[in-house]
Amino acid sequence: MQNNIYEDIIKKMADGGIQSPRLEARLLIGFVLKIDPNDAPLIKSISIKEKEELDDFINKRLCGMPLDKILGQKSFYKYDFKVSENVLSPRPDTEILVEEAIKKTKAEDTILELGVGSGCVLLSILKETRGTQGIGIDVSIEALKIAKENAKSLELEQRCRFIEKNWNDDGFNDCFDKKVDIIVSNPPYIKTEEIKTLDREVRLYDPLIALDGGEDGLDCYRKIAKICQPIVQKEGYILLEVGAGQAQDVEKIFLRQGWAHEQTVKDLAGIKRVVILKNK
12 MQNNIYEDII KKMADGGIQS PRLEARLLIG FVLKIDPNDA PLIKSISIKE KEELDDFINK
72 RLCGMPLDKI LGQKSFYKYD FKVSENVLSP RPDTEILVEE AIKKTKAEDT ILELGVGSGC
132 VLLSILKETR GTQGIGIDVS IEALKIAKEN AKSLELEQRC RFIEKNWNDD GFNDCFDKKV
192 DIIVSNPPYI KTEEIKTLDR EVRLYDPLIA LDGGEDGLDC YRKIAKICQP IVQKEGYILL
252 EVGAGQAQDV EKIFLRQGWA HEQTVKDLAG IKRVVILKNK
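Below is the structure:
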């Protein structure tokens, strides 16, 4: 491995079915050696310790662990976020949720995220808007630790607070001393039976609680629709990421609770991905 480190890793990754072996080889070498990934092809020798660490990471990747979970970070929207197996890996489709929320956000607004996870959605919105405040709620204390670290790294810890709470808990609405202006959420929306069909990178390494949306994938939307209206300002918004084919059902759930459907935004593949509703 000392003579052709970069090419050897590429071959291992390619033989193991990794779709972007050159990119991932550069990123892994860069991470372990703490160098610019673009300089990875120039490396001619590494220490025994570095080789052992690289081999360990390569084996984990070939076993299906996502690259971001190995590196402990993932780029999302315009920023880098710390991630772990305790949070859902940020997806490019979710950037649409961020973009649409920014359009609706005014200076000094308070934004609440239900199921904050790594904080990538809420923190990206705060970073792009002036004078806004954020509240992130999650049932997982481990996820909240990650979100707090990301808030600190983005210098947003003074503009947001995090609450460990289950949406099903009695007194959920008591968490708020005043109404919020916007709610955003990317709740679990995979049907329970479909979990076993997901790619192993998702099935084995993303938290089940962030994936499983119940029998029809809509359990969390029903719950959110029941609890959220009293905590949102009049004329305030809720923006929801939804799965393929779910937009119309989600719209109906919220219309029955008195919300007004304002817009549904498609992702780059043409799938209806973000449902925007207004509190009448």
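Following the numbering used here, the numbering of the sequence shown begins with 12 at its first residue and continues without gaps.
Glycine included, every Cβ here is placed at the ideal spot set by N, Cα and C.
Predicted, not measured: the structure shown is a model, and the values here were computed from it.
Check                                                                                                             : Outcome
DSSP three-state assignment for Leu219, whether helix, strand or coil                                             : helix
DSSP state of Thr105 mapped onto helix, strand, coil                                                              : helix
Cβ shell of Phe68 (< 6 Å), same chain only, five flanking positions each side left out                            : Leu39, Ile81
Distance between beta carbons of Gly128 and Asp149, contact taken as under 8 Å                                    : 6 Å
Coarse secondary structure for Gln244, derived from DSSP in three states                                          : strand
Exposure of Lys89, with buried meaning 16 or more beta-carbon neighbours within 10 Å                              : exposed
Cutoff 8 Å; reference Ile152; Cβ partners in own chain excluding five residues on either side                     : Glu175
Extent of the continuous alpha helix (DSSP H) to which Ala25 belongs                                              : 16 to 26
Stretch-stretch touch, CB-based, cutoff 8 Å, three pairs: the stretch 129 to 137 with the stretch 160 to 168      : yes
Residue range of the unbroken beta strand (DSSP E) whose run includes Leu123                                      : 121 to 125
Three-state class that DSSP yields for Leu288 in the structure shown                                              : strand
Cα-Cα separation between Thr116 and Thr140, rounded to whole angstroms                                            : 7 Å
Where Ala118 falls, given that 16 or more other Cβ within 10 Å makes a residue buried                             : exposed
Closest by C-alpha distance to Lys71, when choosing among Arg284, Glu35, Asn197                                   : Glu35
Residue range of the unbroken alpha helix (DSSP H) whose run includes Gln257                                      : Premise fails: Gln257 is in no alpha helix (DSSP H) and is neither H nor E.
Spatial neighbours of Asp278 in its chain, beta-carbon cut-off 7 Å, leaving aside the 5 residues before and after : Asp104, Ile107, Arg284
For Val191, the residue or residues it bridges with in DSSP                                                       : Val243
Local conformation of Ile201 per DSSP, three classes                                                              : strand
Gly269 beta carbon less than 8 Å from that of Gln240                                                              : yes
DSSP three-state assignment for Arg267, whether helix, strand or coil                                             : coil
Beta-carbon proximity check, Tyr232 vs Ile287, cutoff 8 Å                                                         : no
Span of the beta strand (DSSP E) around Glu96                                                                     : Element bounds for Glu96: n/a, residue is neither H nor E.
Span of the alpha helix (DSSP H) around Lys156                                                                    : 152 to 164
Near the ligand SAM: Arg141 beta-carbon under 7 Å from a heavy atom                                               : Looking at this structure, you won't find the ligand SAM or any other ligand, since it has none at all.
For Cys186, the first and last residue of its enclosing beta strand (DSSP E)                                      : That residue, Cys186, is in no beta strand (DSSP E); it is neither H nor E in DSSP.
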